[in-house]
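Participant:
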Amino acid sequence: MANTNQPRKGEFFQLRPDDLRGGKGHGVVFANEQALLTPPRIVLRPKAGGFPPLREQPRLVYNPREGVLPEDLEGGMSGYWLVSDRLRQVMETVDAGAFAFVEADYCLVDGSKGPLRFLCDVVRTLDALDEEASQLNVEISDEFEDGKFYGLTGDVRLAFKPEVLGSSHVFRLKFHGGVFCDRIFKDAVEQAGIVTATKSNGLWFYDAVNY
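For the sequence shown, the numbering used here begins at 24 and goes up steadily by one.
#1: Exposed or buried, what is L92 when buried is set at 16 or more other beta-carbons lying within 10 Å of its beta-carbon?
#2: Determine the contact status of V117 and F203, defining contact as a CB-CB distance below 7 Å.
#3: So what's M24 in DSSP terms, helix, strand or just coil?
#4: Based on DSSP bridge pairs, tell me the residues matched to S107.
#5: Return the chain-ordered list of same chain residues with a C-beta closer than 8 Å to the C-beta of P138, the five sequence neighbours on each side being excluded.
#6: Does the distance from the CB of G102 to the CB of V66 come in under 7 Å?
#7: Take G225 as the anchor and find which of E186, V232, A231, G216 has the nearest alpha-carbon.
#8: Would a check of beta-carbon distances place G189 closer than 7 Å to chain B?
#9: Near H192, which residues of its chain fall below 8 Å by C-beta distance, leaving aside the five closest residues on each side in sequence?
#10: For N233, which residues from the same chain have a beta carbon less than 8 Å from its beta carbon, with the 5 sequence-adjacent residues on both sides left out?
#11: I think E79 touches G50, with their Cβ atoms under 8 Å apart; what is that distance to the nearest whole Å?
#12: Reducing DSSP to helix, strand and coil, say where V187 ends up.
#13: Fully enclosed by the region 85-132, which beta strand (DSSP E) runs are 3 residues long or longer?
#14: Which residue's Cα is closest to the Cα of L96: A54, R39, F53, N86?
#15: Quick one: residues in its chain with C-beta nearer than 6 Å to the C-beta of V113, no 5 flanking neighbours on either side, listed in chain order?
#16: Under the three-state reduction of DSSP, which class applies to K209: helix, strand or coil?
#17: Under 7 Å, do K197 and D165 count as touching if we go by C-beta distance?
#18: Can you check which of these residues, S157, G189, Q29, V187, is closest to G174 by C-alpha distance?
#19: Work out the CA separation of E34 and P185 for me, nearest whole Å.
#20: Identify every residue that forms a DSSP beta bridge with P76.
#21: Taking 7 Å as the cut-off, decide whether the C-beta atoms of F74 and A123 are in contact.
#22: Going by other Cβ atoms of all chains shown within 10 Å of its Cβ, with 16 needed for buried, is A182 buried or exposed?
The following block contains the structure:
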């Protein structure tokens with residue numbers, strides 16, 4: 024019997040920080056990363072995701088010599104995303120179970136307190152890809168931790184299993200690690216004015232059917 028779960032453009036997206044903006048990127052730096060690390064980890068985020076027990080609040084400082092002010096979504100924060108309060112509100116409203124947050128002590132270069140910022144991790148991982156209905160490179164090797172890896176380069180068409188997704192709108196894939204979302208989450212971000220026709224504000228939605 025033919026698989027009727029076909030990939031459809033505009034239904035699912037890989038969500039990433041927008042690295043296509045050019046320039047130096049954001050200038051937010053960790054002030055107390057070393058104090059928060061759990062050796063032998065060299066980044067704060069544990070291998071299994073989420074947040075480890077924190078001895079103190081993460082302290083972040085904006086340094087204009089390092090880059091521009093942060094947008095609503097930024098990467099590169101010791102394994103985490105850095106998100107604005109308005110993006111956090113959308114995330115919690117649409118799919119609270121997908122995310123974990125820790126409020127940062129965020130200061131501007133003059134020492135004054137900056138706007139609310141949160142470290143964020145997507146903590147839901149699902150084996151939701153319909154491999155039979157999708158077009159991608161599935162790599163099988165003992166070199167991968169789970170024995171398999173989804174290569175998403177080239178012409179890719181991804182379909183997802185609705186019975187696995189259930190009511191989930193945002194998730195990681197077991198054999199890839201990237202963050203994916205559905206149209207409902209993307210629309211909510213746009214309705215909140217975070218992504219507009221002319222400005223990404225740091226969010227890049229890459230269609231899971233990319234040709």
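C-beta atoms are modelled at their ideal positions from N, C-alpha and C, and glycine is treated no differently. Small disclaimer: the values here were computed from a predicted structure and weren't measured.
Facilitator: The short version:
#1: Walking along the sequence shown from the start, residue 92 turns up at place 69. Exposed, since its Cβ has fewer than 16 Cβ neighbours within 10 Å.
#2: For this step, residue 117 is matched to residue 94 along the sequence shown. For this step, residue 203 is matched to residue 180 along the sequence shown. In this structure, F203 does not lie closer than 7 Å to V117 by Cβ.
#3: Residue 24 sits at position 1 when you count from the first residue of the sequence shown. With a pLDDT of 49 at M24, under the threshold of 50, the modelled position of that residue is not reliable, and no figure is offered here.
#4: Sequence index remark: in the sequence shown, residue 107 carries index 84 (1-based). DSSP lists R140 as partners of S107.
#5: Position 115 of the sequence shown, counted from the start, is the residue given in the question as residue 138. The answer, listed in chain order, is S107, D108, Y129.
#6: Position 79 of the sequence shown holds residue 102. Position 43 of the sequence shown holds residue 66. For G102 and V66, yes; Cβs fall inside 7 Å.
#7: Looking up residue 225 in the sequence shown gives position 202. Looking at the Cα atoms, G216 is the closest of the given residues.
#8: Chain labels in this structure do not include chain B; a single protein chain is all it has.
#9: Mapped onto the sequence shown, residue 192 falls at position 169. Same-chain partners within the cutoff: V117, D118, A121, C204, D205, I207, F208.
#10: Stepping through the sequence shown from its first residue, residue 233 is reached at position 210. Hits under 8 Å: D178, V179, R180.
#11: In the sequence shown, the residue the question calls residue 79 occupies position 56. In the sequence shown, the residue the question calls residue 50 occupies position 27. The pair is not a contact, with the Cβ atoms about 22 Å apart (cut-off 8 Å).
#12: Sequence index remark: in the sequence shown, residue 187 carries index 164 (1-based). Note: V187 maps to helix in three-state DSSP.
#13: 96-100, 103-107, 122-126, 128-130
#14: By one-based count along the sequence shown, residue 96 stands at place 73. Minimum Cα distance to L96 is reached at R39.
#15: For the purposes of this step, residue 113 is taken as the residue at position 90 of the sequence shown. Closer than 6 Å at Cβ, skipping near neighbours: A211, V212, A215.
#16: Counting from 1 along the sequence shown, the entry for residue 209 is found at position 186. Of the three classes helix, strand and coil, the one that applies to K209 here is helix, per DSSP.
#17: Your numbering for residue 197 matches position 174 in the sequence shown. Your numbering for residue 165 matches position 142 in the sequence shown. No, Cβ-Cβ distance for K197 and D165 is not below 7 Å.
#18: Looking up residue 174 in the sequence shown gives position 151. Out of S157, G189, Q29, V187, S157 has the C-alpha closest to the C-alpha of G174.
#19: Against the sequence shown, residue 185 aligns to sequence position 162. Against the sequence shown, residue 34 aligns to sequence position 11. Answer to the nearest angstrom: the Cα atoms are 12 Å apart.
#20: If you number the sequence shown from 1, residue 76 lands on position 53. Answer is none; P76 lacks a bridge partner.
#21: On the sequence shown, position 51 is the one that residue 74 refers to. On the sequence shown, position 100 is the one that residue 123 refers to. Yes, the pair counts as a contact, with Cβ atoms nearer than the cut-off.
#22: Residue 182 sits at position 159 when you count from the first residue of the sequence shown. Buried.
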